[in-house]
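Counting from 118, one number per residue, gives the positions in the sequence shown under the working numbering. Here a beta-carbon is modelled for each residue, glycine too, at the ideal position from N, C-alpha and C. Treat the numbers as computed from the prediction; the structure is a model and nothing was measured. Only one structure is covered here, and it is reproduced in the block below.
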Amino acid sequence: MNLEVNGKVLAVDSPADEMLLWVLRDELGLTGTKFGCGAGICGSCTVHLDGVATRSCVTPVSAAVGKKLTTIEGLGSGDRLHPVQQAFIEQQVPQCAWCMSGQVMTAAAFIAQSPNPSESDVEAALSANYCRCGCYTRIRTAVVRAAAIQKEQV
118 MNLEVNGKVL
128 AVDSPADEML
138 LWVLRDELGL
148 TGTKFGCGAG
158 ICGSCTVHLD
168 GVATRSCVTP
178 VSAAVGKKLT
188 TIEGLGSGDR
198 LHPVQQAFIE
208 QQVPQCAWCM
218 SGQVMTAAAF
228 IAQSPNPSES
238 DVEAALSANY
248 CRCGCYTRIR
258 TAVVRAAAIQ
268 KEQV
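Below, the structure is given as structure tokens:
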């Protein structure tokens, strides 16, 4: 089957019911998407399917066929970071960074739909993404900053 991943059409040779996470990591070598819980709870495996934040550890690869799939590797464009990536660096968000690709992907989908979020909006939108290091305050601050960066770039 063919998948459109980060703007490129790629052929994959996996069973239709294989979890998308494993196809991305093991078959396509896109290891930025992390395995956390394997049950769709923690958010470390979040990718975008047609712009919607999706947990790849519980999504069969067949669900991505015919959709635009974006991973953390494809979020920025060329040498330009996505506003969320830029803000996470500016705010020095990561500690261990295991959850960060999922946090970034969830935040990017969120600010695409809600370009003027308050910190409480951000907290609600990212409440199902876990950070074992407890970087929630920096994450909220960075997402609000990312929305401002996004507005500046328009």
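Proximity of residue i and residue j at Cβ, strictly below 7 Å
i, j, result
"A128", "N119", "yes"
"C174", "M217", "no"
"G191", "N123", "yes"
"V169", "V201", "no"
"I228", "Q267", "yes"
"V261", "E236", "yes"
Secondary structure of residue i, DSSP reduced to three states
i, result
"A128", "strand"
"L147", "coil"
"T187", "strand"
"E135", "coil"
"R172", "strand"
"L243", "coil"
"V122", "strand"
"V164", "strand"
With 16 other Cβ atoms within 10 Å as the buried cut-off, status of residue i
i, result
"R197", "exposed"
"P232", "exposed"
"R172", "buried"
"Q209", "exposed"
"I256", "buried"
"K125", "exposed"
Residue i to residue j span [Cα, whole Å]
i, j, result
"K184", "T254", "33 Å"
"Y252", "Q212", "Note on identity: in this sequence residue 252 is Cys, with Tyr being the wrong assignment. Roughly 8 Å separates the two Cα atoms."
Please specify which runs of the alpha helix (DSSP H), each continuous and at least 4 residues long, are wholly inside the stretch 192-223, giving them in chain order.
200-207
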